[in-house]
Amino acid sequence: MLGSRIMAQSVKGMRDLFGAELRWFQHIEDTARKCFERHGYREIRTPILEELEVFKRSVGDSSDIVKKEMYDFVDKGGRHVVMRPENTAGVVRAMVEHKLLQTSDPQLLYYIGPQFRYERMQAGRYRQFWQIGAESFGVASPESDAESLVMLYDFLRELGLEKLSFSLNSVGTPESRPAFQAAFRAFFAEREAQFCGDCHRRIEENPLRVLDCKVPTCQKALAGHPLISEFLDEASEKHHARLKELLRDLGVPFTEDPRLVRGLDYYTKTAFEVLSGDIGAQSAILGGGRYDLLVKHLGGPDVPAFGWAIGLDRLAMVCQTLRGEAPHRPPALLIPLGDRATGEAMKLARSLWAAGASVQLETRGVALKKAMTTANRTGIQTVLILGDGELDGGTVTVKHMATGEQEAWPLADLATHLKTL
RNA sequence: GCGGCUGUAGCUCAGUUGGUUAGAGUACUGGAUUGUGAUUCCAGGUGUCGUGGGUUCGAGUCCCAUCAGCCGCCCCA
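Residue numbers for the first sequence follow the numbering used here, beginning at 11 and rising by one.
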C-alpha cells in the first residue's frame, strides 16, 4: 500500500456494532430466546443467499422490495441469487425443502439474523439490518394468532416497552379481496383527479396502499371509502372477531386500523404492526400477520401460518431512548501488586473462573492508580487488590467503586462472594 | 427514486466581509499523590479543516464535483 491509504470506512449502509448499542442487541436477543423457547418455539437459521425466485414468489413482484431494493447478483455458477431482504421466505423454503411440514404437528420457529435491502440511508434505516421473527406453521385457528401475539407482547414488556399498542386489521383472503378491490377502484375512479401521482401508481399495483397515502388531499378524498371489513368473507370475519375477543381477554392492547395494509403480498386475514414515535420517520418497529397460502405457493403442502418480524436496530434504538444503558454486569477487576502477587493473581483468577465468577485480570503490571483509573472508566464496580500484605494474610482487599468502601475478604470465600454481587 | 441540510481534535462545537502560526470545552498523557479511581492543581501533543479540482497574491471561509451522514417524502423493520 505504498503511497496510498486504506479507506477506513464501512460500505454505505453497513455498520459496525459495538459498545452500548451492541449490549442492547445482546440483551434483546437473549430476552427473545428465553421468551420464545418458553413458548415452545425453536430457532432456525437459514442462509443469507437465496434464489431470486424465492422472493419473487413470496414477497411479490410488485413490491418495492423486489422491484428495486434487493442486493442481487449472478454467482459464478450462473445462479441469480439475492441477499435475503427478509427471513420469512427463506424459512418457508427451508420447511418445504426438508419436508418438515408433512405432519399434523404445529411447527413453531424463530430466527435472529441480518437482512439486506438497498435503500436510501436514514436514521434507523440501514442496508444491513437485523430482524428477530417468529413463525408458526400448521394452525389456522385465531387462537394461534393470539398465542403468537401474546408471546410478542410479553417479550416487548419484558424489554420494558409497556406503552406500545398493536394496530390490527384483517386483509381477508384472495376470495374476498377482489370484491373489495373492485369497489375501491370504482370509488377511486369517481374522484381520480383528487389523488396524487403516487396513488395513481398504487391503484394499479397494490390498491390497498392508497389507504396509506400521507398526502392530505388524498386522505380527504378517501373520506367514506369502502372498508375491507365490509367485504370480508364469513370465515375471515369470524376469525377476526374471535382474535379480538381473545386479545381483550388476555389483556393485549390493540387498536383497530381498517386502513392497515402490509407491504408484503403474502398476508391473509390478520395483519398487524407496531409503530414507535421515538425513531423519526422510520417508525415501524415490527409487523406481521397470517399467511395461509404462502407455503403452498412455494411448492409445499397446504399449511396455514402466522408470523411477524421485529426490526432489531430500531428496537434497540427505542430501548436506548426509553431506558438508557442496557442491563449488564461488568466483571470485578483483579489487580496484582508486586512480582509475587502477579504470579499468584493468575492462579487465583483461574480458580475464580473455574468457580463461575466474573473477573477481569489486570495484566499490564501498571501502578495501582493507573489500574484504578481504568476500572473507573470501564464501569467496573468491584476491584480486588492483591499485594504482599494480602498474600501473607490469605485475603484480598475488595474496593467497592461506587462507595469507595474497602474490606478484606478471605481468599477461600472469594468466589461465592463475587457471585452474589 | 425525489426535495432539503450538514461535514473543523477521539467527542461536542467556535472560527468575523477570504488574511498569514486553526481555537475552546471535554477526553487523553505525565506529575502533585512510589498501594487507591471519579473531585482539585500544574504541565504536555491533540488536526490530511470529509475528499478532489477551481477562483485568488492568499481558501477552514467562495465556486464545482464527489463521498459520507442527517431531516422530510417514498418504502419498510
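From the three backbone atoms N, C-alpha and C, an ideal C-beta is built for every residue, glycine too.
Beta-carbon proximity of residue i to residue j, cut-off 7 Å
i: Q204; j: A245; result: no
i: L396; j: A425; result: no
i: G88; j: R324; result: no
i: D222; j: T183; result: no
i: Y81; j: V181; result: no
i: K429; j: A367; result: yes
i: E129; j: E63; result: no
i: A192; j: P236; result: no
i: G50; j: V313; result: no
i: F139; j: S186; result: no
i: P152; j: Q125; result: no
i: L166; j: T41; result: no
i: G404; j: L421; result: yes
i: I238; j: F190; result: yes
i: H427; j: W419; result: yes
Sequence-distant residues of its chain with Cβ nearer than 6 Å to residue i (five each side left out)
i: G375; result: none
i: L362; result: V369 and A425
i: T331; result: D288
i: H249; result: P152 and K279
Beta-carbon separation (whole angstroms), residue i vs residue j, contact threshold 8 Å
i: L285; j: I295; result: 7 Å
i: V328; j: L171; result: 7 Å
i: Y121; j: R201; result: The Cβ separation is near 44 Å, so there is no contact.
i: T392; j: L431; result: 6 Å
i: R219; j: V271; result: 6 Å
i: K279; j: R300; result: 4 Å
i: V76; j: K66; result: 6 Å
i: M24; j: R137; result: 6 Å
i: V84; j: E61; result: In fact, because the Cβ distance is near 11 Å, the residues do not count as touching under 8 Å.
i: V156; j: L322; result: According to the sequence provided, residue 156 is Ala. The question's Val does not apply to it. Contact doesn't hold; Cβ gap of about 24 Å is too wide.
i: D275; j: V106; result: In fact, because the Cβ distance is near 18 Å, the residues do not count as touching under 8 Å.
i: P311; j: L110; result: Incorrect: roughly 10 Å between the Cβ atoms, too far for contact.
i: K22; j: M131; result: 7 Å
Same chain, Cβ closer than 7 Å to residue i, five either side skipped, listed in chain order
i: H37; result: A336 and P337
i: R52; result: L118 and L119
i: E417; result: V408
i: R15; result: Because R15 sits at a pLDDT of 40, beneath the cut-off of 50, its placement in the model cannot be relied upon, and the point is left open.
i: F197; result: H235 and P236
i: S154; result: S146 and F316
i: W34; result: A326, C329, Q330 and A336
Run of the alpha helix (DSSP H) containing residue i, from where it starts to where it stops
i: D82; result: No alpha helix (DSSP H) contains D82, which is instead part of the beta strand (DSSP E) from Y81 to V84.
i: S361; result: D349 to A364
i: P188; result: R187 to E200
i: F165; result: P152 to E168
i: E240; result: It is not in any alpha helix (DSSP H) - E240 carries neither H nor E in the DSSP assignment.
Residue i beta carbon near the ligand SAM (any heavy atom closer than 6 Å)
i: R211; result: No copy of the ligand SAM occurs in the structure displayed, which carries no ligand at all.
First and last residue of the uninterrupted beta strand (DSSP E) at residue i
i: T41; result: Not the beta strand (DSSP E): T41 falls in the alpha helix (DSSP H), residues G29 to R48.
i: A144; result: Q138 to F147
i: V106; result: From DSSP, V106 is part of no beta strand (DSSP E) but of the alpha helix (DSSP H) over T98 to E107.
i: H90; result: H90 to M93
i: Y121; result: Q117 to F126
i: K409; result: T405 to H410
i: E61; result: L59 to E61
i: Q19; result: Per DSSP, Q19 belongs to no beta strand (DSSP E) and is neither H nor E.
i: K279; result: T278 to L285
i: S177; result: F176 to S180
i: V393; result: T392 to L396
i: I295; result: A294 to R300
i: A342; result: A342 to P346
i: L325; result: First-last for L325: L322 to R333, but that is the alpha helix (DSSP H), not the beta strand (DSSP E).
i: Q416; result: Q416 to P420
Own chain partners of residue i with C-beta closer than 8 Å, once the 5 adjacent residues on each side are dropped
i: A30; result: Q330, E335 and A336
i: I58; result: M93, R94, G123, P124 and F126
i: M11; result: Confidence at M11 is low in this model, with a pLDDT of 27, below 50, so its placement is unreliable and the value that follows should be read with caution. There are no such residues.
i: D115; result: G148
i: E255; result: none
i: R360; result: none
Does the stretch 301 to 311 come within contact of the stretch 87 to 103, defined as at least 3 CB pairs closer than 8 Å? yes
Can you confirm whether the stretch 263 to 274 touches the stretch 176 to 192 when touching is taken to mean that 3 or more C-beta pairs between the two stretches lie within less than 8 Å? yes
Spell out a yes or no on whether the stretch 354 to 374 and the stretch 337 to 346 are touching, meaning 3 or more CB-CB pairs, one atom from each, closer than 8 Å. yes
Are the stretch 312 to 326 and the stretch 143 to 160 touching by the rule of at least three beta carbon pairs closer than 8 Å? The stretch 312 to 326 is in contact with the stretch 143 to 160.
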